[in-house]
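Structure, as structure tokens:
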Amino acid sequence: MPALGATGPRTLLRRLREIMAEQISAQSRLDKLVMLIATNMVAEVCSIYLRRAGKYLELFATEGLNRAAVHKTRLKEGEGLVGLVAETGEAVNLSDAPSDPRFSYRPETGEDPYKSFLGVPIVRGGQVFGVLTVQNRAAVLYSEEEVEALQTVAMVLAEVVAQGGLFNIAELDEPELRADRPRMFKGDGLSEGVAVGRVVLHEPRVKVERMIADNPQEELKRLEDAIGKLRENVDEMLDSSELDLTGEGREVIEAYRLFAYDQGWRQRMRDAVRTGLTAEAGVERVQDEMRVRVQRFGDPVLRERAHDLDDLARRLLRHLSGDGSIAPGDLPNEAVIVARSMGPAELLDYGREKLLGLVLEDAAATSHVAIVARSMGLPLVSSVEGVSDSARAGDGIVVDGEAGEVHLRPMPEVVKTFEIKRALRANRVAHFAQIRDTAAVTKDGVHIKLMMNAGLLLDMAHMRESGADGVGLFRTELQFMIGETMPRLADQIEFYRDVLEAAGDKPVVFRTLDLGGDKVLPYARFEREANPALGWRAIRIALDRPALLRYQVRALIQAAKGRILNVLLPMISDVAEFNQARALIDRETERARLLQLPQPRQIRVGAMLEVPALAFMLPQIMRSADFVSIGSNDLFQFVFAVDRTNPRVSKRYDPLNPPALTLIRQIVHSASESPGDLSLCGEMAGKPLDAMALIGLGLRTLSMQPANIGPVKMMIQSLDLREVSQFVDRLCGRTDGSLRPRLAAFAAERGIAIK
Ligand code: PEP
Ligand code: MG
Numbered sequence: 084m085p086a087l088g089a090t091g092p093r094t095l096l097r098r099l100r101e102i103m104a105e106q107i108s109a110q111s112r113l114d115k116l117v118m119l120i121a122t123n124m125v126a127e128v129c130s131i132y133l134r135r136a137g138k139y140l141e142l143f144a145t146e147g148l149n150r151a152a153v154h155k156t157r158l159k160e161g162e163g164l165v166g167l168v169a170e171t172g173e174a175v176n177l178s179d180a181p182s183d184p185r186f187s188y189r190p191e192t193g194e195d196p197y198k199s200f201l202g203v204p205i206v207r208g209g210q211v212f213g214v215l216t217v218q219n220r221a222a223v224l225y226s227e228e229e230v231e232a233l234q235t236v237a238m239v240l241a242e243v244v245a246q247g248g249l250f251n252i253a254e255l256d257e258p259e260l261r262a263d264r265p266r267m268f269k270g271d272g273l274s275e276g277v278a279v280g281r282v283v284l285h286e287p288r289v290k291v292e293r294m295i296a297d298n299p300q301e302e303l304k305r306l307e308d309a310i311g312k313l314r315e316n317v318d319e320m321l322d323s324s325e326l327d328l329t330g331e332g333r334e335v336i337e338a339y340r341l342f343a344y345d346q347g348w349r350q351r352m353r354d355a356v357r358t359g360l361t362a363e364a365g366v367e368r369v370q371d372e373m374r375v376r377v378q379r380f381g382d383p384v385l386r387e388r389a390h391d392l393d394d395l396a397r398r399l400l401r402h403l404s405g406d407g408s409i410a411p412g413d414l415p416n417e418a419v420i421v422a423r424s425m426g427p428a429e430l431l432d433y434g435r436e437k438l439l440g441l442v443l444e445d446a447a448a449t450s451h452v453a454i455v456a457r458s459m460g461l462p463l464v465s466s467v468e469g470v471s472d473s474a475r476a477g478d479g480i481v482v483d484g485e486a487g488e489v490h491l492r493p494m495p496e497v498v499k500t501f502e503i504k505r506a507l508r509a510n511r512v513a514h515f516a517q518i519r520d521t522a523a524v525t526k527d528g529v530h531i532k533l534m535m536n537a538g539l540l541l542d543m544a545h546m547r548e549s550g551a552d553g554v555g556l557f558r559t560e561l562q563f564m565i566g567e568t569m570p571r572l573a574d575q576i577e578f579y580r581d582v583l584e585a586a587g588d589k590p591v592v593f594r595t596l597d598l599g600g601d602k603v604l605p606y607a608r609f610e611r612e613a614n615p616a617l618g619w620r621a622i623r624i625a626l627d628r629p630a631l632l633r634y635q636v637r638a639l640i641q642a643a644k645g646r647i648l649n650v651l652l653p654m655i656s657d658v659a660e661f662n663q664a665r666a667l668i669d670r671e672t673e674r675a676r677l678l679q680l681p682q683p684r685q686i687r688v689g690a691m692l693e694v695p696a697l698a699f700m701l702p703q704i705m706r707s708a709d710f711v712s713i714g715s716n717d718l719f720q721f722v723f724a725v726d727r728t729n730p731r732v733s734k735r736y737d738p739l740n741p742p743a744l745t746l747i748r749q750i751v752h753s754a755s756e757s758p759g760d761l762s763l764c765g766e767m768a769g770k771p772l773d774a775m776a777l778i779g780l781g782l783r784t785l786s787m788q789p790a791n792i793g794p795v796k797m798m799i800q801s802l803d804l805r806e807v808s809q810f811v812d813r814l815c816g817r818t819d820g821s822l823r824p825r826l827a828a829f830a831a832e833r834g835i836a837i838k
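Residue numbers (our numbering): 84 to 838.
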């Protein structure tokens, strides 16, 4: 029966370390390793398979199987039991492997006499890049300790392979594993512009220097101390008086605290350390296993939870090693942030000053981090798989937000090409500056109002340079998201006053807090929900917690002294909801009057049309509301049942599909019978071709990122509205998928500027 070697996993790890230190060839090192593991585990076979280019697993070393099969036996992704381990990222433990349907018999290996099989993934940074196996003739299941021990050995192996210490990394044709090769990644360009800079890793991995414990008892104590400090920190946050003030902040920290106090998490880390790892390596191993599970199941809720645990693990590692992450203030010049994912507030934390661009593995076009990146004028490429594992801090990097390309460690010629592209882009921007003060009027004389979207005071600087007619959507939640604590009434008044002052005599539409979904306050996260986009968000929170809305309205009323105050309510689903919020605004107006506080000259209250239900109540809502603004980002997320933040599905629909255009046409038609204004403020307003269709359907006010005003204005000035309207009207009845190609062909034929 297979049994753990009498010497135990710690001795095995120590010997492993000795082999690592020897000056021998890569192959000899691997050969020695498999022999050592086999002896220690009392296994008749021990083999190492590594992933190679073309996505197959190659036998790199074996003790017990036929040596001639080394570098010959190759298994495709998912093939055989080894493939199964690599695919699932989980251990496979079988007492009778050959009778398993997934067993793939390779005669050259001579493995038929071996019944029991244990395979564990070689994982690093959530990526499986090999499999370590042991086999025995006796048909017995390996014990839990044995599985655990082999996993620990695999982790040490992974680290050494990745760091190139085990063998010359160039022997592997696996691009992910080559640390210094130039690489080009293709992703989605979500914010235009070109950046040539240096990589800064967001949430950098705290580098674990020591993997194997010298004194395991001491490591356990270090782990316990670090967990203690982590908990203390979280408790301190919980006790802070600021959180007592807001109440809701407590919920966030409580949720976070639950994770920090999670006994299962602690136990898993303790178990890992008991196998002979250092405290740091134990934390990382547990985290790696969790990441593999998340990647495998792809569940967005699990993914979110994983972000929390990742965050906690990083804090724990920092407590252990004192190796702090880059604080936003320490950002080097010409920084390009590379991250798996990021929230909008985290991006704002970095500030605009030294930041040139952003590369993410996981963000969709209408996610809030993308919106913030556009509003900061930062080039952003997303859906760049594997970039955060390949990039090293300080690597050269080029980000092309138009083409959706990322060049990591680019050759000098590539850098030169992009510098030229950046200069050309600057020229184009200069051309838009020339038309800045001209009106957005079509060739047949129809005036279109072009407003800008904003969310921070720094956005207001774009008002002049873009030539916007005003702010059509001011996302007030951004201000709440960047602070450490909830802004007080006086701060809010000052902030809104500054915004209005910056706008001069142009109108500003303030949208009340649109929280929930992917917009969370760092100090007040709400309970996790299975479907946050359909959950407790925006106006729903405002009506359930009216104090939040009341204070905001109170601040807006005082700030807009003597002016017209435009208030826009997000995510309205029916007229009753709107009326309830409006009543609250009326009460606040009355209060200001009674207390003789400063008051606006007029208050106009609008509804965002983001929930499809409201489209069926347009005449009614327009009797209650002074204006309606279509939030196409959310509206089409619900119309097409496609999560706007999930890059896997967010591109499956196009707002230029016939049903989307037909819906807009109906909305415009229903609204035309009422006196209130109708506008659109989602991301599609800023794309010249989409904007052409929207204008063709009858919209006369569009609100977009300031950078898009120039291109959209150029498009408007080059079109004949009557022709466009007739064409778009005909398109609505078609049964194609996206109408984008037809609209683009039409624009090209008529010389309409859509670039
Ligand atoms: C929208 O949903 O279209 C919108 C403008 O709001 P946000 O993108 O902030 O959700
Ligand atoms: Mg919205």
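No residue lacks a Cβ here, since even glycine has one placed at the ideal position from N, Cα and C.
(message) Mapping the DSSP letters down to three states, classify S715 as helix, strand or coil.
(response) helix
(message) With distance defined between alpha-carbon atoms, name the residue in V153, D271 and P653 nearest to G765.
(response) P653
(request) Less than 8 angstroms between the CB atoms is what I'm expecting for D552 and L533, so what's the real figure, rounded? (result) 6 angstroms
(message) Contact defined as beta carbons within less than 8 angstroms: I believe L785 pairs with L763. What is the distance between those atoms, to the nearest angstrom?
(response) 6 angstroms
(request) Indicate the three-state DSSP secondary structure (helix, strand or coil) for I480 in the structure shown. (result) strand
(request) Please say whether L439 and A456 have beta carbons closer to each other than 9 angstroms? (result) no
(request) Identify whether D709 lies in helix, strand or coil by the three-state DSSP scheme. (result) coil
(message) Using the Cβ count rule (16 or more neighbours within 10 Å means buried), how would you classify K499?
(response) exposed
(message) What does the alpha-carbon distance come out to for the pair P204 and I107?
(response) 25 angstroms
(request) Use the C-beta contact count for S111: other C-beta atoms within 10 angstroms, 16 or more gives buried, fewer gives exposed. (result) exposed
(request) Using only the heavy atoms of the ligand PEP, determine whether one of them is closer than 8 angstroms to the beta carbon of G600. (result) yes
(request) Spatial neighbours of V153 within its chain, please: CB distance less than 8 angstroms, with the 5 preceding and 5 following residues excluded, ordered by chain position. (result) L142, F143, A144 and T145
(request) Let me know the secondary structure DSSP gives N149 once reduced to three states. (result) coil
(request) Decide yes or no for the touch test of the region 818-826 against the region 767-779: beta carbon pairs closer than 8 angstroms, at least 3 of them. (result) yes
(request) Round the Cβ separation of V239 and I295 to the nearest angstrom and send it over; I've been treating them as touching at under 8 angstroms. (result) 7 angstroms
(request) Determine the direct distance from the alpha carbon of G538 to that of S424, and round the result to whole angstroms. (result) 21 angstroms
(request) Quick one: give me the first and last residue of the beta strand (DSSP E) that K532 is part of. (result) K532 to A537
(message) On the CB-based measure, 16 or more other CB atoms within 10 Å of its CB, does D297 come out buried or exposed?
(response) exposed
(message) Tell me which residues pass a beta-carbon proximity test against the ligand MG: closer than 7 angstroms to any heavy atom, given in chain order.
(response) D597, P653, M654, M691, E693, G714, N716 and D717
(message) For R706, count the other beta carbons within 10 Å of its own beta carbon; 16 or more makes it buried, fewer makes it exposed. Which is it?
(response) exposed
(request) Enumerate in chain order the residues of its own chain whose CB-to-CB distance from Q218 is below 6 angstroms, with the five nearest sequence positions on each side excluded. (result) V128, Y197 and F200
(request) Output the boundary residues of the beta strand (DSSP E) element that contains L201. (result) S199 to R207
(message) Give me the residue from L596, I835 and N614 with the minimum Cα distance to A625.
(response) L596
(request) Taking the CB atoms as reference points, tell me whether V291 and I480 lie closer together than 9 angstroms. (result) no
(request) Go ahead and pull the three-state DSSP assignment for I518. (result) coil
(message) Can you tell me whether R558 sits near the ligand PEP, meaning its C-beta is under 8 angstroms from at least one heavy atom of the ligand?
(response) yes
(request) Return the chain-ordered list of same chain residues with a C-beta closer than 7 angstroms to the C-beta of L306, the five sequence neighbours on each side being excluded. (result) M352, R353, V356, A362 and G365
(request) Just the C-alpha distance for V711 and G689, rounded to the nearest angstrom, thanks. (result) 5 angstroms
(message) Rounding to the nearest angstrom, what Cα-Cα distance links L116 and L224 in this structure?
(response) 23 angstroms
(request) Tell me whether F212 is buried or exposed, calling it buried when 16 or more other Cβ atoms sit within 10 Å of its Cβ. (result) buried
(message) Once the 5 residues before and after D560 are set aside, which same chain residues still bring their CB inside 7 angstroms of it?
(response) First, the residue type needs correcting, since residue 560 is Glu and not Asp in the sequence shown. Within the same chain, E560 has close Cβ partners L596, D597, L598 and K602.
(request) Check whether the Cβ of N729 lies closer than 8 angstroms to any heavy atom of the ligand PEP, and answer yes or no. (result) no
(request) Rank M535, A643, L617 and R374 by C-alpha distance to the C-alpha of E584 and give the top, closest one. (result) A643
(request) Could you pull out every residue in the same chain whose Cβ sits closer than 7 angstroms to the Cβ of G487, ignoring the five residues on either side in sequence? (result) K269, G270, D271, G272 and V464
(message) Measuring CB atoms only, is the region 610-624 touching the region 569-583, in the sense that at least three cross pairs come out at less than 8 angstroms?
(response) no
(request) Output the distance between the C-alpha atoms of E660 and S549, rounded to the nearest integer angstrom. (result) 35 angstroms
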